[in-house]
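So the structure is just underneath, and the comments pick up after that.
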Amino acid sequence: MEHTHFIDKDPNKFEALVELQKEHIQSMKEEQVNTILDRFENAWYLKTNDFRNARELGYRQFVHSDNFDEFGNPNPSQIDVLAIKGIRDKQRTYLINLKNHARDLKIHKKEPNDDGMTIVRRINNVLKQLSDGYENIRRHYTSFERVDNPTALPQFSTSGDPSTMDEEEVESSTPYQKCLLYSLDQTYKSGYRRYKGQCCEEIRTIEGHRTRAWKPKFTIENFVYSLSQKDDDFAMWKNFTSRGNVYRDVVDNMNKCMDAQFPEITKRRHVWSFRNGVFVGKEWLPDHGVYDCRFYPYESAEFRCLDPTIIACKYFDQQFDDFSHVEKWQDIPTPFFDSVLKYQKFDDDVCDWAYVMGGRLCFDVGELDAWQVIPFYKGIARSGKSTLITKVFKKFYENEDVGTLSNNIEKKFGLSAIKDTFMFIAPEVKGDLALEQAEFQSMVSGEDVSVAVKNKTAVSIEWTTPGVLGGNEVPNWKDNSGSVLRRILTWNFAKQVKEADPQLDEKLNNELPIILLKCVRAYIDYSNKYRNKDIWNVVPEYFKKIQKQVAMVASSLHNFLESTLIKYDKDLFVPQKLFVQVFNQHCQANNLGRHKFTQDFYAGPFSSREIEVREEVVTYNGRTYPRQPVVYGLDVVDESLGFTDDY
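Under UniProt numbering, think of the first position of the sequence shown as 1, with each following residue one higher.
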């Protein structure tokens, strides 16, 4: 365990230990299983007939010898029931894995000593001793506390242990229970694990290396139906058809159960597997106090010691080059990805941020930064924006781990389809995007979002799924105080590709491992430098320029303030009533709608231009105006102003 290589800042060493023990158990031969079982039986007094051992069961196994007094009595102040429960759980998990392996070796019904005690019954007896030993201490400690601290509630309650079933209990089970046990046994023997309704098997390379990645083999439903062919196992077929809904109930249970024979796959979104090794996109370096990325070839000592709980999010059937000799990530060659960006005449620093935002899609929202932005590739058709989203970024993960936010997303239940994914894409955003503005803002900022699920109670979750937008229109949301525009980092794809490369998709796919590496390295680099800074104080001026262009469409007031009807100077001012008059004329002439000119409406656009509104008595163009709101820092041009007698 001390040689295990962890990548997390605070790794779960218990889970790693359980996985290592499980791998060790699965490599055991029959003789080793018997040796381990003998040790457990001796430790739990299953081979000595002494009532004192039964009376003191658990104390000698769970409590350290230093915590007994000279008369052999345990010291109550040194009894930690919670710690004892943890030890019990670890041993219980080990014994359950041992029992499953005995079934897999087909030795569970053997009687090594010809005494009627099968291996599975002997393991069950150890499990019962383990449970009774814990309960013995718990009951004594609860009784002691009842006197020592009479107002305290007991920490733990008692419950049965279903792991101790024996063959007689299995035989007396209902047909449904037999079908469920049989199905779980088959998944264990096949080495399958569960992921989103699928039975998955681990991918191995041609050389036999375990890649830490899993691929779907069957749906759980298809797997269960394949087990009960009447020509293969008529008895089991009878069990499955004993009533009409056995199949459905078994499938439903296997989709949700928490069982050691059919464990759930928990993918690491920062880990990818390739033909020649595993790429870890986020590894904590304690000596430097930062995160970085690393590549571990299958033949390396580091890979052999890698945390056994790590499961890659995707396997690429391609070689990986970590370009460890390249010091600056900008120098990693990605000619085909670059060609899409360079065709739009983007400057190098603007292209750099495309890689940074691509790498940011491989991390949870707010995981390594507080930027609160989402990339938006805006532009005309056939400009390459959708290619980057659907042919590059989407392929960082498996299809089932990438959600698609369509323009006509279902208002009530739409978010439920993308909340449990690693990334969402919205490649065709239009002005009438059905997503609520408040939900969009919370999603980008990583705030709490209420997600409605069909036939279930709505759940409130902290949004962690990153996304990327594409389209030729900005959604028609009200951006009164910059709440939308400050959350969108926009690249303007203004040039239509005249001579498209029909093989570009294939070229990008071949370049994908390098693009992934470059994006992750770019994001790790920039997040380490700028994680605590306002992103708008860091990005190139290009993005602020495009933000103003987008604001012309997204905000009527921004549109007006950028028009030729306004002139700026710190000494200029205009009565608000006259300003609103010209603003309404501009909106009517440009079909921008009518708006209530409130403080919430103008606060954002005014503050970004250092414009103030104060109530004063002023003389404007030779006319004195009584006390009223006055806009300072700008004026309207004379030609646009039609004076009236209305002060």
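Built from N, CA and C at the ideal position, the CB exists for glycine as well.
Cα-Cα separation, residue i to residue j
i           : j           : result
residue 209 : residue 318 : 14 Å
residue 218 : residue 198 : 6 Å
residue 427 : residue 618 : 52 Å
residue 367 : residue 523 : 12 Å
residue 201 : residue 9   : 29 Å
residue 406 : residue 214 : 29 Å
residue 519 : residue 358 : 6 Å
residue 506 : residue 516 : 16 Å
residue 349 : residue 540 : 7 Å
residue 597 : residue 580 : 7 Å
residue 584 : residue 347 : 38 Å
residue 161 : residue 478 : Low confidence applies to residue 161: its pLDDT is 49, below 50, so where it sits in the model is not reliable enough to give any reading.
residue 126 : residue 41  : 6 Å
residue 130 : residue 453 : 42 Å
residue 559 : residue 551 : 7 Å
residue 467 : residue 424 : 5 Å
residue 376 : residue 470 : 5 Å
residue 334 : residue 508 : 9 Å
Collapsed DSSP secondary structure at residue i in the structure displayed
i           : result
residue 470 : strand
residue 174 : coil
residue 157 : With a pLDDT of only 47 at residue 157, under 50, the local geometry of the prediction cannot be trusted, and the value read off the model is given with reservation. Three-state DSSP puts residue 157 in coil, outside helix and strand.
residue 359 : helix
residue 314 : strand
residue 65  : helix
residue 212 : strand
residue 329 : helix
residue 334 : coil
residue 450 : strand
residue 390 : helix
residue 492 : strand
residue 570 : strand
residue 620 : strand
residue 46  : coil
residue 305 : coil
residue 7   : coil
residue 152 : Reliability of the predicted coordinates at residue 152 is poor, the pLDDT of 49 falling under 50, and the value obtained from them is presented with this limitation in mind. Residue state, collapsed to three classes: coil.
residue 86  : helix
residue 134 : helix
residue 72  : coil
residue 652 : With the chain covering only 1 through 647, there is no way to say anything about residue 652.
residue 384 : coil
residue 439 : helix
residue 379 : strand
residue 112 : coil
residue 182 : helix
Among the options, the one whose alpha carbon lies nearest that of residue i
i           : options               : result
residue 295 : 514, 134, 531 and 88  : 514
residue 564 : 555, 595 and 586      : 586
residue 315 : 270, 127 and 26       : 270
residue 23  : 292, 307 and 432      : 307
residue 275 : 203, 608 and 50       : 203
residue 631 : 614, 589 and 320      : 614
residue 610 : 589, 79 and 570       : 570
residue 373 : 312, 351, 393 and 441 : 441
residue 193 : 601, 264 and 602      : 264
residue 82  : 142, 530, 444 and 398 : 142
residue 472 : 352, 48, 345 and 431  : 431
Beta bridge counterpart(s) of residue i as assigned by DSSP
i           : result
residue 423 : 402
residue 575 : 630
residue 290 : 285
residue 256 : Paired residues: none, contrary to the question.
residue 461 : 449
residue 635 : 567
residue 272 : 279 and 314
residue 198 : 195 and 219
residue 614 : 630
residue 515 : Note: residue 515 sits in no beta bridge, so no partner.
residue 429 : 471
residue 264 : 194
Buried/exposed call for residue i, threshold 16 Cβ in 10 Å
i           : result
residue 256 : exposed
residue 285 : exposed
residue 568 : exposed
residue 234 : exposed
residue 25  : buried
residue 152 : Because the pLDDT of residue 152 is 49, which lies under 50, any placement of that residue in the model is unreliable, and the question is left without a value.
residue 604 : buried
C-beta neighbour in chain C for residue i, strict 7 Å
i          : result
residue 61 : Of the protein chains in the structure, only one exists, and it is not chain C.
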